[in-house]
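Working notes, beginning with the structure itself.
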Amino acid sequence: MKGVTVDSLPEAVRRGLAVHLLIDRMTDSHPLFKSAAACFSEQRLPYAGVLADISLDYALASRWEQFSSLEWDYFKERV
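With our numbering applied, the sequence shown covers 5 to 83.
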């Protein structure tokens, strides 16, 4: 969010951003995530972590019903 100060954002957006950053830190430090990112970084891609994150998001979303009892559309609207 280059050029934007967090303090200028609405409170709900600041809370959402804080949760997002917390989840990112937890995910990025997990050994399985590091292993997934290494699959991309072997090819020396500068955005290996981003690609691993997107790939894992896709895998989760495409198999959502295996991981949650909430309907996917309901979850998306609440996040």
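Every residue, glycine too, gets a C-beta built ideally from N, C-alpha and C.
Nearest-angstrom beta carbon gap, residue j and residue i [assumed within contact, 8 Å]
i	j	result
A56	F44	6 Å
Neighbour-count burial assignment, residue i, 16 or more Cβ in a 10 Å radius
i	result
A42	exposed
A16	exposed
S40	Note that residue 40 is Ala in the sequence shown, not Ser. Looking at its Cβ environment, which holds 16 or more other Cβ atoms inside 10 Å, A40 is buried.
Beta-carbon gap between residue i and residue j smaller than 8 Å
i	j	result
L25	V10	no
Beta-carbon contacts of residue i that lie in its chain and below 6 Å, excluding the five residues immediately before and after
i	result
A52	A41, F44 and S45
L49	none
Extent of the continuous alpha helix (DSSP H) run through residue i
i	result
S66	A52 to S66
R29	E15 to S33
E81	W76 to R82
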